[in-house]
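A.B. asks:
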Amino acid sequence: MRRSNYFLGAGLAVVLAGMATSAMAQAEIKIGEINSYSLLPAFTEPYRKGWQLAVEEINAAGGINGKKLVVISKDDGGKPADAQTAANELVSSENVAMLAGTFLSNIGLAVSDFANQKKVFFLAAEPLTDAITWSKGNRYTFRLRPSNYMQAAMLVEEAAKLPAKRWATIAPNYEYGQSAVAVFKKLMSEKRPDIQWVDEQWPPQGKIDAGPVVQAVAAANPEAILNVTFGADLVKLVREGNTRGLFKDRAVVSFLTGEPEYLDPLKDETPEGWIVTGYPWYSIKTPEHDAFLKAYQAKYNDYPRLGSIVGYQTIKSAAAILAKAGSTDPDKLIAAAEGLKVPSPFGDITFRKIDHQSTLGAFVGKTALKDGKGVMVDSVYRSGADYLPGDAEVEKMRPKE
Amino acid sequence: MAFYVAQFLTGLASAASLFLVASGLSIIFGVTRIVNFAHGAFYMLGAYVAFTLTEYFSGAFGFWGGIVAAALAVATLGVLVEIVLLRRIYHAPELFQLLATFGLTLMVEDLVVLIWGPSDLLGRRAPGFKGAVDFFGQSLPSYDLFLIVLGPAVLGILWLLFQRTRWGVLVRAATQDRDMVAALGVNQKWLFTSVFAVGVFLAALGGALQIPRDAVNHAMDLRIIVDVFVVVVIGGLGSIFGAFVAAVLVSELNAFGILIFPKISIILVFLVMAVVLIVRPWGLFGKREAPARRTPGLTVNPWRPLTSAERLAVCIALLAAAALPVIGGNYAVTVGSEIAIFVIFAISLHFLMAVGGLASFGHAAYFGLGAYGVAFLAKMAGLPMIACLLLGPLLGCLGAAVFGFFAVQLSGVYFAMLTLAFAQIVWSVAFQWVEVTGGDNGILGVWPERWASSPSHFYWLSLGIAALAAAGLRILVFSPFGFALRAMRDSPLRSEAVGINGKRVQWTAFVISGTVAGVAGALFAYLKGSVFPDNLGIPLSVDALVMVLLGGVETVSGGIVGAIVYKALNIWLVSQTDLSKLVLGGFIVLIVVAFPKGIVGTLEMIRHRHGGGSSEASSETRLMGSRIETAE
């Protein structure tokens with residue numbers, strides 16, 4: 047008796063959950079969006095604002111071929127398995143035309159594998175891992191942000207000009223940190239065979255014990271340091287490093303540190319002169335970006351973070367792909383997306399046919415302190431197209447279909 | 041040389057931060073026996089409140105006053121939580137309080153983002169301790185020196201408090217034997233409340249003192265909670281001095297370890313704990329736990345096999361569940377598969393906890409090993425799905441056999457923590473051994489074969505295996521082996537006296553439980569099509585624990601209900617709201633208060649009370665129980 051009730055109850059609950067959202071209007075095109083909203087709010091909140099702005103703009107301009115664009119957004123809690131549950135819900139019960147989003151590399155890969163299996167179009171927004179377009183790439187998956195390799199190549203271009211010969215690295219101990227260091231080392235050593243790598247530190251992501259790490263790097267006495275940590279780890283590293291004088295008279299090259307998400311929390315402790323990739327929204331003077339900035343500030347009364355750009359451009363690109371395809375058939379979407387040129391706040395970008403990577407670039411500049419706040423100065427936009435390996439090399443990396 | 045001294049001092053500063061938080065946890069556990077999962081949440085709240093206060097009040101007085109005020113404010117909150125929530129459930133089965141504090145932790149994680157916003161916050165530096173001191177060419181932050189002094193100072197104050205005050209005497213007495221303290225007429229309620237307040241104060245102080253060197257953010261609690269548990273266990277439960285030594289040991293090993301193995305930090309504390317517990321089963325300074333007076337077997341309604349009417353009902357329920365693909369869409373059916381898999385996982389742990397009396401905190405290890413077993417066989421050996429499903433769980437079985445052998449030598453929380461350590465070691469292997477396991481990018485493309493690939497086929501497969509597993513484990517419970525296992529749970533001394541080889545029985549149970557968990561993991565790999573180190577991680581182990589406790593640990597099959605309720609609710613909430621943690625946490629707290637014996641446990645109790653005939657019998661067993669208690 048008892049157990050029959052439980053099973054019935056559970057069954058009913060599941061059925062109800064499935065039916066609650068089944069009534070749908072026909073004049074809509076739906077995009078299913080997944081991101082780590084509860085785990086990484088610092089990045090995903092501005093990201094959400096970004097894509098919401100894009101949806102508003104698209105619908106104000108008449109939607110996609112006359113159909114209203116609707117984005118259904120789900121949280122993955124930072125877990126690949128939950129992201130797949132969400133993807134399945136979006137595809138099976140919401141009947142979305144495509145999937146988009148994700149932040150963490152492993153979640154991006156999990157959803158990309160799901161998309162490949164279920165034959166659904168997937169536009170990865172954030173994940174930086176090179177695997178998603180190369181070694182584990184598939185025909186259903188496209189990626190917007192400049193990859194690890196591209197950001198490393200942009201930084202190497204500047205780093206190679208430094209006189210420093212003794213280098214140390216500090217990176218979070220997971221795939222992103224590992225591959226960032228590996229690519230940076232490889233590209234750097236190609237340009238500068240005279241370089242020595244004197245120390246490497248691998249604190250666990252989110253759990254850096256900064257004091258001993260800083261002390262250990264200082265003991266190796268490098269002339270320059272590559273940093274890949276970000277978020278709370280970066281704050282701790284910078285604070286310890288400042289107090290212990292680690293960054294004095296040393297060049298530092300640092301991934302992502304110029305993004306407002308990671309630079310702003312450093313406030314008056316921002317170290318000066320680091321070579322970083324990022325997004326100096328205050329000093330970009332192009333008409334495309336001005337238009338975006340004005341719209342964003344008018345809607346939210348807040349300044350955009352890099353996440354805002356990524357969210358905005360993800361949905362803008364998705365809409366462009368849907369509009370060109372004129373259909374929600376995955377094969378037509380792929381055909382439409384390959385080689386598609388889309389305007390963006392950073393200028394035109396193209397989704398490459400060869401590996402489905404977009405040519406969205408990043409700004410490379412130096413950190414500085416201004417009125418007690420960290421800013422990026424001398425920043426230059428680097429288009430992603432210039433920092434990708436040759437076609438032959440890319441073809442070798444991608445699995446044959 | 042100067043460098044090594046500087047590194048040593050830096051390690052000491054890290055140890056001081058760790059010790060402050062750990063000491064609070066140790067005191068709370070020693071007296072109330074609550075595994076306070078919310079300790080990290082109080083630590084984080086301390087940091088957030090201190091951030092707000094120190095931003096508002098400037099100057100040296102504002103800063104230090106703000107730190108202390110923040111700790112006091114959070115301690116007040118702790119008192120509230122103790123009085124309103126925990127007091128109601130002290131008499132619930134062991135570990136049930138963990139469920140309440142877990143619910144609180146979930147809520148706090150969402151609340152801090154709602155209150156303080158999503159960005160990382162940078163607190164002020166401590167006035168007077170902003171710079172560094174030059175030590176033979178090495179810079180040492182003066183704040184580190186402050187912490188190095190503070191750690192032993194707090195240890196000293198606590199020592200005085202425990203040795204020289206009446207309150208301290210009572211706390212020590214309660215740590216040793218709380219029933220005796222109660223029998224002597226001490227008001228336990230306020231003793232527990234005051235102890236909880238002191239513990240939370242220390243946690244919040246530890247958090248507040250981090251603001252000059254950390255970024256205040258909503259993940260601080262998870263960063264610290266596991267580490268402090270480990271420190272407390274290495275030191276020996278209830279031993280403050282032990283916690284101090286353990287904090288120093290762990291921090292120094294980390295400070296010097298990274299010079300040789302830069303990747304050691306990720307696993308170091310768990311390695312240390314595993315080694316310490318294998319060599320010293322009660323931690324460095326802990327004492328053997330006194331045998332518990334209230335044994336679980338005497339507090340539950342006596343177990344009995346299902347009657348034939350009930351068997352029929354279960355079969356009908358199973359048929360109804362099997363009809364889900366008829367009414368539900370693909371998504372509902374896939375969620376159904378996931379729930380069925382988690383039922384298997386939950387009953388495997390339930391078997392170990394309810395029948396064996398062994399609470400594993402690292403059960404995800406065997407789930408994950410089963411999943412990786414399948415992934416290796418399918419991707420590397422290219423075996424067909426049936427073979428993978430049959431052979432994959434053997435990896436879980438093997439893991440359980442190896443780790444179980446060591447774990448069953450211990451008991452209680454030490455057992456739980458050793459299983460946690462093993463699980464983390466397995467996790468870190470999966471995480472680090474990129475060439476074989478793919479690291480945190482996992483192994484992709486483990487999809488089911490055509491015959492099982494449609495959602496409904498896979499659902500029937502999972503449901504069928506779940507039913508088989510549940511039936512098999514129930515048969516075991518009422519077999520001679522099950523009775524031997526229950527005997528070991530209720531009285532190790534007596535069961536050994538009647539000739540039961542207790543450790544071997546427990547080890548066998550551990551292996552069975554691990555293998556069943558491996559079966560769940562194997563199915564999960566095919567459900568998701570991929571395997572990640574997450575499948576071995578602490579959050580999954582905690583989920584399993586929550587499912588079992590939610591169902592009721594004193595029941596035969598409560599895990600089934602716990603898994604269905606928790607998983608269905610979790611999936612539904614995550615899909616419906618971004619504040620799923622807040623709602624889920626609140627729901628768990630409510631359930632804890634409404635169903636203090638778990639859902640099934642409480643329902644059974646109510647049924648028992650209302651069922652006229654059986655009430656006499658149960659009062660008789662209760663009487664018998666009390667007689668046995670006195671005899672013990």
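Read top to bottom, the protein sequences are chains A and B.
Using the working numbering, count along the first sequence one by one with no gaps and you end on 447.
Using the working numbering, count along the second sequence one by one with no gaps and you end on 672.
All residues carry an ideal CB built from backbone N, CA and C; glycine is no exception.
(1) Give, in chain order, every residue of the segment 100 to 131 of chain A whose Cβ lies closer than 7 Å to some Cβ of chain B.
(2) Taking the C-alpha atoms as reference points, what is the distance between G246 (chain B) and A166 (chain B)?
(3) Sorted by chain position, which residues of the same chain lie with C-beta nearer than 8 Å to F103 (chain B)'s C-beta, five sequence neighbours on each side aside?
(4) Would M425 (chain B) and A492 (chain B) be called neighbours here (beta carbons separated by less than 8 Å)?
(5) Would you list the one or two residues that DSSP bridges to K113 (chain A)?
(6) Is there a Cβ of chain B sitting closer than 8 Å to that of G324 (chain A), yes or no?
(7) With C-beta atoms as the reference, is V453 (chain B) less than 8 Å away from L180 (chain B)?
(8) So T175 (chain A) is in the beta strand (DSSP E); what residue range does that whole segment cover?
(9) Which word fits M41 (chain B), buried or exposed, when buried means at least 16 other C-beta atoms lie within 10 angstroms of its C-beta?
(10) Identify which residue in A:A382, A:Q251, A:Y325 has its Cα closest to the Cα of R191 (chain A).
(11) Going by Cα to Cα distance, which pick from B:G326, B:L430, B:L112, B:I74 is closest to Y83 (chain B)?
(12) Could you work out which residue in B:L139, B:E536, B:V75 is closest to Y606 (chain B) when comparing CA atoms only?
(13) When the cut-off is 8 Å and only beta carbons count, does K419 (chain B) lie next to chain A?
(14) Quick one: complete alpha helix (DSSP H) runs, 4+ long, within the segment 232 to 285 of chain B?
(15) Distance cutoff 8 Å, beta carbons only. Does A69 (chain A) sit that close to anything in chain B?
(16) Applying the criterion that 16 or more other CB atoms from any shown protein chain within 10 Å of the CB defines a buried residue, is Q343 (chain A) buried or exposed?
(17) Could you tell me whether the Cβ of Y371 (chain B) comes closer than 8 Å to any Cβ of chain A?
(18) Sort out for me which residues DSSP pairs L180 (chain B) with in a bridge.
(19) Around the C-beta of P133 (chain B), are 16 or more other C-beta atoms found within 10 angstroms, so that it is buried, or is it exposed?
(20) Can you grab the Cα-Cα spacing for the pair S620 (chain B) / E305 (chain A), in whole Å?
(21) By DSSP, does N288 (chain A) sit in helix, in strand, or in coil?
(22) Tell whether a beta-carbon distance below 8 Å holds between T347 (chain B) and P495 (chain B).
(23) Kindly confirm or deny that the segment 139 to 154 of chain B and the segment 69 to 77 of chain B touch, where touching means at least three C-beta pairs closer than 8 Å.
(24) Measuring CA to CA, which of B:D480, B:Q464, B:Y566 is closest to F498 (chain B)?
(25) For a quick check, are the C-beta atoms of P251 (chain B) and A109 (chain B) less than 8 Å apart?
(26) Please give me, in chain order, every unbroken run of the alpha helix (DSSP H) with length at least 4 that falls completely inside the segment 445 to 521 of chain B.
(27) Indicate the three-state DSSP secondary structure (helix, strand or coil) for S377 (chain B) in the structure shown.
(28) Output the boundary residues of the alpha helix (DSSP H) element that contains V366 (chain B).
(29) Touching or not, the segment 419 to 438 of chain A and the segment 264 to 284 of chain B, by the rule of three or more beta carbon pairs under 8 Å?
(30) Considering only the beta carbon of each residue, do G558 (chain B) and G413 (chain B) sit closer than 8 Å?
(31) Could you tell me which uninterrupted alpha helix (DSSP H) segments, each at least 4 residues in length, are contained entirely in the segment 192 to 279 of chain A, listed from first to last along the chain?
(32) Inspect the beta-carbon positions of L630 (chain B) and V623 (chain B) and report whether they are closer than 8 Å.
(33) Can you pull out the residues from the segment 151 to 176 of chain B whose beta carbon lies closer than 9 Å to at least one beta carbon of chain A?
(34) Looking at Y371 (chain B) and the ligand GTP, is the gap between the Cβ and the nearest heavy atom below 7 Å?
(35) Candidates B:G554, B:I188, B:T72, B:F471: which alpha carbon is nearest S234 (chain B)'s?
(36) Can you find at least 3 beta carbon pairs, one from the segment 331 to 338 of chain A and one from the segment 183 to 190 of chain B, that sit closer than 8 Å?
C.D. replies: Looking at the atomic coordinates:
(1) From the segment 100 to 131 of chain A, only K120, D121, G123, K125, P126, A127, D128, Q130, T131 have a Cβ closer than 7 Å to chain B.
(2) Each residue's alpha carbon lies about 14 Å from the other.
(3) Once the five neighbours on either side are set aside, the close Cβ partners of F103 (chain B) are T94, F97, R164, A166, P167.
(4) Between M425 (chain B) and A492 (chain B), the C-beta spacing is below 8 Å.
(5) Answer is A:I110, bridged to K113 (chain A).
(6) With 8 Å as the cut-off, G324 (chain A) does not count as an interface residue toward chain B.
(7) Between V453 (chain B) and L180 (chain B), the C-beta spacing is not below 8 Å.
(8) Neither: T175 (chain A) is in no beta strand (DSSP E) and is coded neither H nor E.
(9) The residue in question, M41 (chain B), is exposed, as its Cβ has fewer than 16 Cβ neighbours within 10 Å.
(10) Cα-wise, what sits closest to R191 (chain A) is A:Y325.
(11) It is B:L112.
(12) Comparing Cα positions, the closest option is B:L139.
(13) Under the Cβ distance rule, K419 (chain B) does not count among the residues neighbouring chain A, no pair being separated by less than 8 Å.
(14) Restricted to the segment 232 to 285 of chain B, the alpha helix (DSSP H) segments that are unbroken, complete and at least 4 residues in length are 260 to 275, listed in chain order.
(15) Summary for A69 (chain A): the model assigns pLDDT 39, below 50, so the residue's position carries little reliability; its value from the coordinates is reported in the next sentence. Closer than 8 Å: no.
(16) Label assigned to Q343 (chain A): exposed.
(17) It does: the Cβ of Y371 (chain B) has a partner Cβ on chain A nearer than 8 Å.
(18) DSSP lists B:V173 as partners of L180 (chain B).
(19) Counting Cβ neighbours within 10 Å, P133 (chain B) comes out buried, since at least 16 surround it.
(20) If you draw a straight line from the Cα of S620 (chain B) to the Cα of E305 (chain A), it is about 28 Å long.
(21) It is helical.
(22) Their beta carbons are not under 8 Å apart, which means T347 (chain B) does not touch P495 (chain B) by this criterion.
(23) Touching, yes, given that three or more Cβ pairs across the two stretches are closer than 8 Å.
(24) It is B:Y566.
(25) Reading off the sequence, residue 251 (chain B) comes out as Ile, not Pro. It is not a contact, given that the beta carbons lie outside the stated cut-off.
(26) Here the runs fully enclosed are 452 to 472, 474 to 477, 490 to 493, 495 to 517.
(27) The answer is helix: DSSP assigns S377 (chain B) an H, G or I state.
(28) Secondary structure note for V366 (chain B): its alpha helix (DSSP H) is the uninterrupted segment 364 to 367.
(29) The segment 419 to 438 of chain A makes no contact with the segment 264 to 284 of chain B; the number of CB pairs closer than 8 Å stays below 3.
(30) Taking the C-beta atoms as reference points, G413 (chain B) is found nearer than 8 Å to G558 (chain B).
(31) For the segment 192 to 279 of chain A, whole alpha helix (DSSP H) runs of length 4 or above, ordered along the chain, are 194 to 205, 221 to 237, 256 to 266.
(32) Taking 8 Å as the Cβ cut-off, L630 (chain B) and V623 (chain B) do not qualify as a contacting pair.
(33) Result list: V153, G157, P158, S159, D160, L161, L162, R165, K170, G171, A172.
(34) This structure does not include the ligand GTP; it has no bound ligands of any sort.
(35) Here the closest residue by C-alpha is B:T72.
(36) Judged by Cβ distances under 8 Å, the segment 331 to 338 of chain A makes no contact with the segment 183 to 190 of chain B, as fewer than three pairs qualify.
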